[in-house]
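In UniProt numbering, the protein residues as written are 1 to 545.
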């Protein structure tokens, strides 16, 4: 696997760069598909990506929703897949059920009468229709990683004939928590290779780059922004918010982003304590720190930080000085800072030591121009984002819960399965009752909130070289027993050498058990050496033989 993704990927290489294409330069099959879809021309991402997909050259494409990226990877499949082979030849991994349906729908429209069958698979629904589609032959499979892995484990799906692997919205798949499933799917890919892989993502933080490094072979980077692609360790986002209700938007963003740890900055002490209380009421481990906090309480907060027991810290700039949280994944700015330099200091708390990080700044309509000036001044690639809606958050939560339940079900052993089967009648009764449905929703919420307290899984950074790991051990030689201990082992069978605590050698041999009992009885009657009377002990009689 190439190290290209972990090095300087600000520009795509010019020596192997392929020229853009147009509809007139495509094959007859693809031109007919474009005509049937009503495409008068290709979108910019399609013009750039199509030549690489057709040439089987792995690529990472920076593209957002609505850019035409689905057509960029589906259209060339019509030239690459064999309709006569009734096996999966192309696999598209997506983060949500809704996206799986959208991609499959567009793929069917483009495939038309080509004989290529498209199947979408995702959790939360029955297996029957999906199994029937596999039996009929599915050359193109679109699905969420969790359900794809289920079919692979049950041998309903075989990837031996795979020609193309596609990751759509890779950054969202990691935020949903699908990385463990993707890692397991990798074990089912053709061992001898022979397939090409393409990744599409709106952003390329370090976690997505490491994912590409695991699955793609010497990928090239394509971007729609003047050959510049956002692959910096820190992603800078400006979220447009109204003047009121920012705390609800903050909760939605936290649920969407699922940060492992974060600092939330505010310009006022009042907002700092208010935000901390909102987070606590929502069930998160959060603490506020400001100049109003006395030293005792401040030390308690710092102790939680050092012990990695605090997920969210809410602070002002002054109060946060000198506080260092390791592996900080996110920084939230409740409002833009009072001066541009403060933004750099706040943002610099994440993305350290090669790790990836995200900085999200809330800005109302009057604050947007100031944020754009900061971005221009420091040459920051600032991504503008609208405040998420409740429906968007609900969709992501449903996908995470489905993935969690699928993962738990796959790990069940026989005894656990029997225990759960006893509760099926009760679950059916609850599902048929209005109050029962509410109780089931409560159980799902408890499980989900417990899972949210854990850091999300994502591709890890490369481990240090084995020599670096072993070097500390070389400096600490193995402890040896004292020489006299080895000599004593031969004399008294090693008992003294194995004694856990050093003790003075006995001046006299240990008396027999009967004499010990007799001496203890006389000592109890006469008191101790200091003249203090001892508590009378019950005399123990020797056993009869």
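Each residue gets a CB set at the ideal place from its N, CA and C atoms; glycine is no exception.
Check: Cα-Cα separation between residue 293 and residue 302, rounded to whole angstroms; Outcome: 12 Å
Check: Outcome for residue 246 when other beta-carbon atoms lying within 10 angstroms are tallied against a minimum of 16; Outcome: buried
Check: Neighbour-count burial assignment, residue 27, 16 or more Cβ in a 10 Å radius; Outcome: exposed
Check: Opposing strand residues paired with residue 140 [DSSP bridges]; Outcome: 90 and 118
Check: Residues that DSSP places opposite residue 263 in a beta bridge; Outcome: 313 and 331
Check: With 16 other Cβ atoms within 10 Å as the buried cut-off, status of residue 452; Outcome: buried
Check: Distance between beta carbons of residue 78 and residue 55, contact taken as under 8 Å; Outcome: No, residue 55 and residue 78 are not in contact; Cβ-Cβ is about 16 Å, not under 8 Å.
Check: Selected residue, minimal CA-CA separation from residue 235, among 350, 390 and 116; Outcome: 350
Check: For residue 201, the residue or residues it bridges with in DSSP; Outcome: 62
Check: Selection from 122, 83 and 75 that minimises the alpha carbon distance to residue 546; Outcome: In the structure as shown, the chain starts at 1 and stops at 545, and residue 546 therefore has no counterpart that could be examined.
Check: Coarse secondary structure for residue 349, derived from DSSP in three states; Outcome: coil
Check: Where residue 220 falls, given that 16 or more other Cβ within 10 Å makes a residue buried; Outcome: buried
Check: Which of helix, strand or coil DSSP assigns to residue 166; Outcome: strand
Check: As assigned by DSSP and simplified to three states, the class of residue 67; Outcome: coil
Check: Residues that DSSP places opposite residue 237 in a beta bridge; Outcome: 360 and 383
Check: Own chain residues within Cβ distance below 6 Å of residue 173, not counting five before or after; Outcome: 95
Check: Cβ distance (whole Å) where residue 290 is taken to contact residue 315 below 8 Å; Outcome: 7 Å
Check: Spatial distance of residue 34 from residue 84 (CA atoms); Outcome: 23 Å
Check: Residue 192 (DSSP reduced to helix, strand or coil); Outcome: coil
Check: Cβ distance (whole Å) where residue 549 is taken to contact residue 141 below 8 Å; Outcome: Residue 549 falls outside the range modelled here, since the chain spans only 1 to 545, and no answer is possible.
Check: Whether residue 310 touches residue 287 by CB criterion (8 Å); Outcome: yes
Check: Continuous alpha helix (DSSP H) stretch holding residue 420: start and end; Outcome: 414 to 421
Check: Buried versus exposed, by CB contacts within 10 Å (16 or more), residue 279; Outcome: buried
Check: With 16 other Cβ atoms within 10 Å as the buried cut-off, status of residue 584; Outcome: This structure cannot speak to residue 584, because the chain is shown only from 1 to 545.
Check: Endpoints, the alpha helix (DSSP H) within which residue 50 is located; Outcome: 44 to 54
Check: Residue 365 in three-state terms, based on DSSP; Outcome: coil
Check: Cβ-Cβ separation, residue 395 to residue 98 (assumed contact under 8 Å), whole Å; Outcome: 6 Å
Check: Where residue 443 falls: helix, strand or coil (DSSP); Outcome: helix
Check: Any 3 or more C-beta pairs closer than 8 Å across the stretch 187 to 203 and the stretch 149 to 168; Outcome: yes
Check: Under the three-state DSSP convention, the category residue 28 falls into; Outcome: helix
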